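Asks:
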Amino acid sequence: MADSANTPASAADAANGPTGDAPQDLLAQLSAPLPPRMERLYQRTQEDQYDIEAWFALLHEFLSTPSTRDRDDDRRALFDRALAKFPYSDRLWIMAIDAEVKGKSPDRVPQMFAKALRTVRSFEVYRVYLNYIRRTHAVAHEGRGVIKQAYDFVLSHAAHDRNSFSVWNDYLSFLKSIQVNSEYEHQEKQNEIRAAYQRAVTLPIQNVEQLWREWDTFESGISRPQARKLLQERNQAYLAARNAGRTLRSLWDPLERVAPIVTPPTFSPNERALLAQWRKLLSWEKSNPFKYEDMVTLYQRVSWTYWQAINCLCRFPELWYEFAMVATSMNKATEALAILKAGCEACPGSFLVHFALADLHETKDDPAKSKAVYETLATYWTAEVDKALDREPSAADTPARVPAVQNAKDKLAMCWIQYMPHAARASGIKEMRAVFKRARNMREDVIAQFEALGVAAAPSASVPAASADANGAADTGAQMDLEGTKKRVLDEWVPLRATPAPNTRFGGWAVFRPPPMAPDEMRAHQDRARAAAALSQRLVQEDRNLEYQGPGQHVPAPPQQPAASSTGTAAGVGSGSGVPQPVTVPPVVETPMEVMVELLRKLPPPEAFTGPFLDVHGILSLLDSNSKVPVLGAMLDEPRDPRDPRRRKRRDDDGGMPPGKRYRS
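Residue numbers (the numbering used here): 2 to 666.
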């Protein structure tokens, strides 16, 4: 049992039961039809796949109805389906385990516990497991070892939970109740009790003060001088745990009053506030407030807190990604891989966790698994596009479907964009072109379906039918709407160009790989780029309107001549004298600001640079050859030999300052 909970299990594997039924055939595979009320509840779960309360109501009805509660196979099929949808609901796991305990197959209970403890890290599930072990094994010599192993297993995973006082208290009571028959066994019993107290009083759990007093009483009953010595050694750690427990209580209290969110994130104000509170708690745990020198203990605390956050916000991909990065930073590569796999199953459409998992496989030189990750993501978003397009169309719902189709299509395009560079890196240009061909074929299919969608949307999107005249104004409006839809589709599905280059392995592709971003994040990134370009243009224009008059003196340029009036004066002719005036054209002066803005505009972004490194001295020499500022030339012309007469003369001119000091300051 202990080995099975070391790494997180796949949510799908943990929820797979003996039935193995397909989602659409669940009712057909049941041994008998469900009562009408249960069928209505099941239809609710099909209409909204994240309606967990409908699942709880359905399962409660099934277990409490005399005609259905004895149908064990049907019960397992329903629980398997619910656990596949909500694998991190401890309440659902406890309900399934309790039903299995009351069923006719007690040999299945250990398998259920193995799946539950491998999937969801909940203190309540561990407590149910302990109660089951104590009920099924008598506190005798033959059952004592099994019970002790169960306590050790639970405390090795859930000891850092703030509500673990009850387990520690029960464990100490169990150790004290063991009957011994020799002095050696009595000494071993005291050592085990002492070790449990020493570990418990250094944890920020509830009622830690009570454990401290009980330990004092226990040690004083053996030897008062030894008790003072042992308690003095642990006093500092106990005080730190007690003080940290107060801080921990203030961080946990707002979280315990919130029900878990099982739906994908909508980033509402409430969800943002809840996520911020969890991150505040996680940041506090990662700051190592207990000053642990053992990184294993620190990781146990941090990982346990992350699992509690995931139990509450299992559909938030950023939590999975941050958890995997913490595991990687603490040399837990195997756990990081398992965490990302579980995150991909909990968030099947997330770019963040899928791309991170693919990159991790790629760094481990396993391109086949990286390809499988991209294929899984592409399959998911292809199904989402088909799901949005294949719904029964009607004049009322088609305009509302267009944003859903567009969103799924954009995300599918992002998947292909990331998949193609990976294919080139892993298998060469031929594989990348094969992926590109699949993406283009998919694009043509989507365009064809969008054309049909545009035709269906035309009557409601264009002018009303009553206002159309006999010349076909309604048809014209429908055609304009269709053309606009096609143009938007074609503009956003821009083919990636490949530039061949000979004698290089990957020279046949030149695909820019942007960071993993959702379409709305990409649009925000483009808006920021346009704002930066507008700001640079404004700065250049302001620089042109200033004339350089020496150090510290910028005088505005003279005002422009007024334009010729509309009364008949030609350009260049004064309105009063009739004598042609010379047209003054101000000289175009390239200011340093304009030159640098143009240079920075042509350079790629810093995050896109991967080498080769440049010759800085050569670049400065090139800039110096086109610059009229003498300081740069003087810096480049600085003699390197300290015995050079020019260097000695400059040192004398600077009052004896050693060479180079004036530049360091």
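Glycine included, C-beta positions come from ideal geometry on N, C-alpha and C. Nothing here was measured: the structure is a model prediction, and the numbers come from that model.
Measuring alpha carbon to alpha carbon, tell me which of T329, L59, R92, P226 ends up nearest R76.
Replies: Minimum Cα distance to R76 is reached at L59.
Asks: Let me check understanding here. Comparing Cα to Cα, which of P88, D81, F87 lies closest to A100?
Replies: When only C-alpha atoms are compared, the closest one is D81.
Asks: With 16 as the cutoff for other CB atoms within 10 Å, does P667 come out buried or exposed?
Replies: Here the chain has residues from 2 to 666 only, and residue 667 is not among them.
Asks: Just the Cα atoms here: how many angstroms apart are G634 and Q538?
Replies: With a pLDDT of 45 at G634, under the threshold of 50, the modelled position of this residue cannot be trusted, and the question is left open.
Asks: Check whether the region 245-256 touches the region 272-286, taking contact to mean three or more Cβ pairs, one atom from each stretch, closer than 8 Å.
Replies: Touching, per the Cβ criterion.
Asks: Under DSSP, the alpha helix (DSSP H) around M96 begins and ends at which residues?
Replies: Per DSSP, M96 belongs to the alpha helix (DSSP H) from 91-102.
Asks: CB-CB under 7 Å to A241, same chain, minus the five flanking residues each way: which ones, in chain order?
Replies: Hits under 7 Å: F291.
Asks: Since V354 is in the alpha helix (DSSP H), which residue starts that stretch and which ends it?
Replies: Taken as a continuous stretch (DSSP letters only), the alpha helix (DSSP H) holding V354 covers 352-364.
Asks: Does the contact criterion of 3 or more C-beta pairs under 8 Å hold for the region 102-120 versus the region 129-138?
Replies: They touch, by the three-pair rule.
Asks: Using beta-carbon positions only, say whether V386 and V403 come within less than 9 Å of one another.
Replies: Not in contact: V386 and V403 (Cβ atoms no closer than 9 Å).
Asks: Tell whether a beta-carbon distance below 9 Å holds between K372 and A427.
Replies: The answer is yes: Cβ separation under 9 Å.
Asks: Enumerated in chain order, which unbroken segments of the alpha helix (DSSP H) with a length of 4 residues or greater are wholly contained in the region 275-353?
Replies: Counting only runs of 4 or more, we get 296-313, 318-330, 334-347.
Asks: Provide the residue span of the alpha helix (DSSP H) that contains I194, from first to last.
Replies: Segment 184-201, the alpha helix (DSSP H) holding I194.
Asks: Excluding sequence positions up to five away, which residues of its chain have a Cβ less than 8 Å from the Cβ of K287?
Replies: Within the same chain, K287 has close Cβ partners V303, V327.
Asks: At the level of alpha carbons, what is the spacing between E215 and S174?
Replies: When rounded, the distance between both Cα atoms is 11 Å.
Asks: Given S165, which residues of its chain have a CB within under 7 Å of its CB, disregarding the five upstream and five downstream residues?
Replies: F124, A159, I206, listed in sequence order.
Asks: At the level of alpha carbons, what is the spacing between F513 and L413?
Replies: Unreliable positioning characterises F513 in this predicted model, as indicated by a pLDDT of 38, which lies under 50. A coordinate reading is not provided.
Asks: With burial defined as no fewer than 16 other Cβ atoms inside 10 Å of the residue's Cβ, what is the status of R163: buried or exposed?
Replies: By the neighbour-count rule (16 or more Cβ atoms within 10 Å), R163 is buried.
Asks: What does the alpha-carbon distance come out to for the pair A396 and Q112?
Replies: In this prediction, A396 has a pLDDT of 44, which is less than 50 and means its spatial position is unreliable; nothing more can be read from the coordinates.
Asks: Are the region 84-93 and the region 35-42 touching by the rule of at least three beta carbon pairs closer than 8 Å?
Replies: Counting Cβ pairs under 8 Å, fewer than three are found: no touch.
Asks: In terms of alpha-carbon separation, which member of L232, G350, A274, A389 lies closest to P265?
Replies: The shortest Cα separation from P265 among L232, G350, A274, A389 belongs to G350.
Asks: To the nearest whole angstrom, what separates the beta carbons of M331 and Y300, a pair I think is in contact under 8 Å?
Replies: M331 to Y300, Cβ: 5 Å. Contact.
Asks: Take E363 and list the residues in its own chain whose beta-carbon comes closer than 8 Å to its own, dropping the five residues that flank it on each side.
Replies: Closer than 8 Å at the Cβ level, and outside the excluded window around E363, lie S371, H423, R426, A427.
Asks: Mind checking which residues open and close the alpha helix (DSSP H) that includes Y371?
Replies: A quick correction: the sequence has Ser, not Tyr, at residue 371. 368-391 is the span of the alpha helix (DSSP H), which, as asked, contains S371.
Asks: When we look at the beta-carbon of K679 and count the other beta-carbons within 10 Å, is it buried (16 or more) or exposed?
Replies: No answer is possible for residue 679: the residues shown for the chain start at 2 and end at 666.
Asks: What is the DSSP secondary structure of G429, reduced to helix, strand or coil?
Replies: Reduced to three states, the DSSP call for G429 is coil.
Asks: Quick one, which of E346, L338, A228 has its alpha-carbon nearest D367's?
Replies: If we check each option's Cα against that of D367, L338 comes out closest.
Asks: Within this structure, are the beta carbons of P36 and E54 separated by less than 9 Å?
Replies: No, these two residues do not count as a Cβ contact at 9 Å.
Asks: Can you find the residues in the same chain that come closer than 6 Å, C-beta to C-beta, to V102, ignoring five residues on each side of it along the sequence?
Replies: Result list for V102: V110, in chain order.
Asks: Rounding to the nearest angstrom, what Cα-Cα distance links Q199 and N170 in this structure?
Replies: Roughly 13 Å separates the two Cα atoms.
Asks: Considering only the alpha carbon of each residue, which of R316, A379, R70, G146 lies closest to T267?
Replies: The residue with the shortest Cα to Cα distance from T267 is R316.
Asks: Assuming G285 and H161 make a contact with CB atoms under 8 Å, what is their CB distance in whole Å?
Replies: It should be noted that the sequence gives Trp, not Gly, for residue 285. Between H161 and W285 the Cβ distance is about 13 Å, and since that is not below 8 Å, they are no contact.
Asks: Which value, in whole angstroms, describes the spacing of the CA atoms of G104 and D74?
Replies: When rounded, the distance between both Cα atoms is 10 Å.
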